[in-house]
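**Student:**
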Amino acid sequence: MEPTTLLPVISLLSLVSVEYGGWALLGFLTGHGQLGEFREQFFRAGHAHAGVLLVLSLVYFLYLDRTGYSTGVQWLAGLLLLVGIIAQSGGFFIHLARGQKDRSSVGTVVTRTGALLLAAALVILAVGLL
Amino acid sequence: MSPQSRLVAGVLLILVPTVEIGGASILTLLIADPSYTQNDLRQDLWRAGHAHPGVWLVLSLVALRYVDEANLSEGIRWVVRLAFPAAAILMPLAFFLSVLAPEAREPNALINVAYVAGLVLAVGLLVLGVGLIRGRPAGARAAEG
Chain B
1 MEPTTLLPVI
11 SLLSLVSVEY
21 GGWALLGFLT
31 GHGQLGEFRE
41 QFFRAGHAHA
51 GVLLVLSLVY
61 FLYLDRTGYS
71 TGVQWLAGLL
81 LLVGIIAQSG
91 GFFIHLARGQ
101 KDRSSVGTVV
111 TRTGALLLAA
121 ALVILAVGLL
Chain X
1 MSPQSRLVAG
11 VLLILVPTVE
21 IGGASILTLL
31 IADPSYTQND
41 LRQDLWRAGH
51 AHPGVWLVLS
61 LVALRYVDEA
71 NLSEGIRWVV
81 RLAFPAAAIL
91 MPLAFFLSVL
101 APEAREPNAL
111 INVAYVAGLV
121 LAVGLLVLGV
131 GLIRGRPAGA
141 RAAEG
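Residue numbers (the working numbering), protein chains in the order written: chain B, 1 to 130; chain X, 1 to 145.
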């Protein structure tokens, strides 16, 4: 299967899991159990980044299809983007579970690493479109 | 892009400024209305009521680029074309109208519309995903050129 056929399906299904997170967050905000301000902030950041970045990934795959890259490079770029998105947004959830207010943690390191990975994927796409 | 998808895309683009108006309203409240910033719940839900349609309308526009190459019948394609925008419209209705009163401490029953909107979006996502897994319809590639 082509990367630009399979990877969008993974993004669509992942968006359903983002919805599940949003459902839980709405429960916390409307009083079924409290997260506290610190955890709430990072839950919101994780939910929002995952949602927006997955929409970005769907746009990304449309453009990836237009590059002259071989299937191998397309797999590399697309998976780099998806791994970057999972790490960038997942790091916020690790931070709210393991981290402390005003301190960096393994979660924030994962978030920063994920951001670098998805930046690399975006540069690869840009070069391929030139 | 099929004429059907182009039509929906046009309507969606016209809807985007309503999200901008909502954003401008919230900005005014944040700057000029102390009672708004004192009500955390209302701030949380109205922020969500602005963010979700903004992101979901963009998602709807992207979904339209995919639905024409999904292996689905025309009727099911319309389900996808309409599910995404319907969710994007229902979600802010729930978030804004459930805490309309400035002193609201908990959302009224309209918050349940948010769960319906989430369900509608999930249906759109899953149906489109299944359509893409099933592969491109015969002749779609040729028609694209």
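Don't be surprised by glycine CBs; every beta carbon is placed ideally from N, CA and C.
CA-CA distance, B/K101 and B/F38?
**Tutor:** Along the first sequence, read from residue 1 onward, the residue named residue 101 of chain B stands at position 101. Along the first sequence, read from residue 1 onward, the residue named residue 38 of chain B stands at position 38. Cα to Cα, the separation comes out at about 7 Å.
**Student:** Please check the pair X/F96 and X/W56, which I expect to be a contact at CB under 8 Å, by giving their CB distance rounded to whole angstroms.
**Tutor:** Within the second sequence, residue 96 of chain X is the residue found at index 96, counting from 1. Within the second sequence, residue 56 of chain X is the residue found at index 56, counting from 1. Rounded, the Cβ-Cβ distance is 15 Å, inconsistent with contact.
**Student:** Exposed or buried, what is X/D68 when buried is set at 16 or more other beta-carbons lying within 10 Å of its beta-carbon?
**Tutor:** The residue given as residue 68 of chain X occupies position 68 in the second sequence. Buried, because 16 or more other Cβ atoms sit within 10 Å of the Cβ of X/D68.
**Student:** Please give me, in chain order, every unbroken run of the alpha helix (DSSP H) with length at least 4 that falls completely inside the segment 109-138 of chain X.
**Tutor:** DSSP runs (the alpha helix (DSSP H)) wholly in the segment 109-138 of chain X: 112-133.
**Student:** Excluding sequence positions up to five away, which residues of its chain have a Cβ less than 6 Å from the Cβ of X/Y36?
**Tutor:** Stepping through the second sequence from its first residue, residue 36 of chain X is reached at position 36. If we look at X/Y36 and ignore the five residues flanking it on each side, its Cβ neighbours are L29.
**Student:** With a threshold of 16 other CB atoms inside 10 Å of the CB of X/I31, please say whether the residue is buried or exposed.
**Tutor:** As a first step, residue 31 of chain X is located in the second sequence; it is residue number 31 there, counting from the start. Counting Cβ neighbours within 10 Å, X/I31 comes out exposed, since fewer than 16 surround it.
**Student:** If you draw a straight line from the alpha carbon of X/L188 to that of B/I94, how long is it in whole angstroms?
**Tutor:** In the structure as shown, chain X begins at 1 and stops at 145. Residue 188 of chain X is therefore absent and cannot be evaluated.
**Student:** Please determine if the segment 91-107 of chain X and the segment 72-79 of chain X are in contact, where contact requires at least 3 C-beta pairs separated by less than 8 Å.
**Tutor:** Output reads no: the segment 72-79 of chain X does not touch the segment 91-107 of chain X.
**Student:** Using three-state DSSP, classify B/V127 as helix, strand or coil.
**Tutor:** Stepping through the first sequence from its first residue, residue 127 of chain B is reached at position 127. Helix, per DSSP.
**Student:** Apply the 10 Å Cβ neighbour rule to X/Q38 and answer buried if 16 or more other Cβ atoms are within range, or exposed otherwise.
**Tutor:** The residue you call residue 38 of chain X lines up with position 38 of the second sequence. X/Q38 should be labelled exposed.
**Student:** In chain order, what residues of the same chain lie with their CB nearer than 6 Å to the CB of X/L121, ignoring the 5 residues before and after it?
**Tutor:** Taking the second sequence and counting its residues from 1, the one referred to as residue 121 of chain X is at position 121. Hits under 6 Å: A87.
**Student:** Looking at the structure shown, is B/Y69 part of a helix, part of a strand, or coil, going by DSSP?
**Tutor:** Locating residue 69 of chain B in the first sequence gives position 69, counting from the first residue. Reduced to three states, the DSSP call for B/Y69 is coil.
**Student:** Would you call the CB atoms of B/V110 and B/G84 closer than 8 Å?
**Tutor:** Within the first sequence, the letter at position 110 stands for residue 110 of chain B. Within the first sequence, the letter at position 84 stands for residue 84 of chain B. Result no, Cβ atoms of B/V110 and B/G84 do not sit closer than 8 Å.
**Student:** Find out if the Cβ-Cβ distance for the pair X/I26, X/W46 is shorter than 8 Å.
**Tutor:** Translated into positions along the second sequence, residue 26 of chain X becomes position 26. Translated into positions along the second sequence, residue 46 of chain X becomes position 46. For X/I26 and X/W46, yes; Cβs fall inside 8 Å.
**Student:** Could you compute how far the alpha carbon of B/V127 sits from the alpha carbon of B/T4?
**Tutor:** Locating residue 127 of chain B in the first sequence gives position 127, counting from the first residue. Locating residue 4 of chain B in the first sequence gives position 4, counting from the first residue. Their Cα atoms are separated by approximately 17 Å.
**Student:** X/L93 and X/S60: beta carbons closer than 8 Å?
**Tutor:** Position 93 of the second sequence, counted from the start, is the residue given in the question as residue 93 of chain X. Position 60 of the second sequence, counted from the start, is the residue given in the question as residue 60 of chain X. Contact flag unset, no.
**Student:** Can you list, in chain order, the residues of the segment 76-89 of chain X whose Cβ is nearer than 9 Å to any Cβ on chain B?
**Tutor:** Within the segment 76-89 of chain X, no residue has a Cβ that lies closer than 9 Å to any Cβ of chain B.
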